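Colleague:
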Amino acid sequence: MEDNSKKKKLVVIPAYNEQENIGPVVKKIRESDKEIDIVVIDDGSTDRTARNSRLAGARVIRLSSNMGYGVALQCGYKYGFERGYDCLVQLDGDGQHDPDYIPELLKPVMAGDVDIALGSRFLTKTSSDEGRLHEYEAGMARTLGIRTFSFLTTTLLGLRITDPTSGYQALNRRVIGFLIRDFFPCDYPDADVVVMLHRAGFKIKEVPMIMYKRGKGKSMHSGLKPVYYVFKMLLSILMTLLRKKPIPLY
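When we follow the working numbering, the leftmost residue of the sequence shown carries the number -13, and every step to the right adds one.
1) What is the DSSP secondary structure of residue 192, counted as helix, strand or coil?
2) Just curious, the alpha helix (DSSP H) that residue 165 is in, first and last residue?
3) Within a Cβ cutoff of 7 angstroms, which residues of the same chain sit near residue 48, ignoring the five residues on either side of it in sequence?
4) Opposite residue 106 in the DSSP bridges: which residues?
5) Kindly give me the distance between the Cβ atoms of residue 186 and residue 231, rounded to whole angstroms, as I take these residues to be in contact under 8 angstroms.
6) For a quick check, are the C-beta atoms of residue 147 and residue 140 less than 8 angstroms apart?
7) For residue 119, which residues of its own chain have a beta-carbon under 6 angstroms away from its beta-carbon, when the five flanking residues on both sides are left out?
8) Given this structure, state the Cα-to-Cα distance separating residue 163 from residue 51, to the nearest angstrom.
9) Based on the DSSP output, what are the partners of residue -5 in its beta bridges?
10) Exposed or buried, which one is residue 81 when buried takes at least 16 other CB atoms within 10 Å?
11) Please return the same chain residues whose Cβ sits closer than 7 angstroms to the Cβ of residue 183, not counting the five positions on each side in sequence.
12) Can you list, in chain order, the residues of its chain with a C-beta nearer than 6 angstroms to that of residue 157? Leave out the 5 residues immediately preceding and following it.
13) What residues match up with residue 1 in a beta bridge as DSSP calls it?
14) Starting from the C-beta of residue 44, find all residues in its chain whose C-beta is less than 6 angstroms away, skip the five residues before and the five after it, and write them out in chain order.
15) When DSSP labels each residue in this structure, what does residue 15 get in the three-state scheme?
16) Confirm, please, whether the CB-CB distance from residue 60 to residue 223 is below 8 angstroms.
17) With DSSP run on the structure shown, which of helix, strand or coil describes residue 8?
18) Which word fits residue 198, buried or exposed, when buried means at least 16 other C-beta atoms lie within 10 angstroms of its C-beta?
19) Identify which residue in 64, 17, 22 and 2 has its Cα closest to the Cα of residue -7.
20) Does DSSP classify residue 100 as helix, strand or coil?
21) Alpha carbon to alpha carbon, how far is residue 171 from residue 38? Give it in angstroms, no decimals.
22) Going by the CB atoms, is the gap between residue 71 and residue -5 shorter than 8 angstroms?
23) DSSP on residue 117, reduced to helix/strand/coil?
24) With respect to the beta strand (DSSP E) encompassing residue 185, which residues constitute its N-terminal and C-terminal limits?
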């Protein structure tokens, strides 16, 4: 049996102007697992995101300009793959994703039961209303998008996916190697990537967790952006289905 304690683990945090949130996030990750490495991909921030990340104990890769969430995320994948990491956790730097769930996300991936574990905010029961699904607070357009993509991915994959837009995930090395290739959607990688991974034969599982409101600052889903996001994601899922099935190389 393989010794999971010897596997190299990495947390990737794409961040843009998160100077007030990133430090506490990095520190809490360090508290949850002192053996895990942390890299913050600073997507051209104009504030002290990079400085505060370093002060909290993370390695920082700074992009020359604001190139977008997908580019920053794939930069983290490439960093992890090239340095031989066995497992990678991706989470946001705004405080919505609780680092205490990292061990639960990693467990099925490191055990070899699945290739990717998705954190789901809709499988978790609240302490105040037991028996009721934990409803993540989002705007109307964002909520409609989440539910639409959940229906689509569940229908298309034949596998119940309650939260396909979750950015809190754990991946094994085969998935990391798969996602560094040119077909990765570098605009809004989200539910379309879940569809792509399933079509390529990767095993997917959801892990229940509670997610929170972002800390301070402005969300990338503010204003009319959620409406654009929904249409963009629907188009990306359609294009993913029309393409020839990608084959894992690793």
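Just so it is clear, CB atoms sit at the ideal spot from N, CA and C, and this is done for glycine as well.
In this text, all values refer to a predicted model and were calculated from it rather than measured experimentally.
Modeller: On the basis of the data shown:
1) Residue state, collapsed to three classes: strand.
2) Its alpha helix (DSSP H) spans residues 159 to 165.
3) Hits under 7 angstroms: 28 and 36.
4) In the DSSP output, where bridge partners are listed per residue, residue 106 has 194.
5) Correct: roughly 6 angstroms between the Cβ atoms.
6) Contact: yes.
7) No answer about residue 119 holds up, because its pLDDT of 43 lies below 50 and its placement is not dependable.
8) Separation of residue 163 and residue 51 (C-alpha to C-alpha, rounded to the nearest whole angstrom) is 25 angstroms.
9) Residue pairing from DSSP places residue -5 in a beta bridge opposite 73.
10) Result: buried.
11) Once the five neighbours on either side are set aside, the close Cβ partners of residue 183 are 102, 161 and 190.
12) For residue 157, where only same-chain residues beyond five positions count, the Cβ hits under 6 angstroms are 74 and 102.
13) Residue pairing by DSSP places residue 1 opposite 28 in a beta bridge.
14) Excluding sequence positions up to five before and after residue 44, its CB lies within less than 6 angstroms of the CB of 12, 24 and 26, all in the same chain and listed in chain order.
15) Note: residue 15 maps to helix in three-state DSSP.
16) Contact: no.
17) Residue state, collapsed to three classes: helix.
18) Under this definition residue 198 is an exposed residue.
19) The shortest Cα separation from residue -7 among 64, 17, 22 and 2 belongs to 22.
20) DSSP, read as helix, strand or coil, puts residue 100 in coil.
21) Taking C-alpha positions only, residue 38 is separated from residue 171 by approximately 29 angstroms.
22) Contact flag set, yes.
23) Per-residue confidence for residue 117 stands at a pLDDT of 39, beneath the threshold of 50, marking its modelled position as unreliable; no derived number is given.
24) Taken as a continuous stretch (DSSP letters only), residue 185 belongs to no beta strand (DSSP E), being part of the alpha helix (DSSP H) at 177 to 185.
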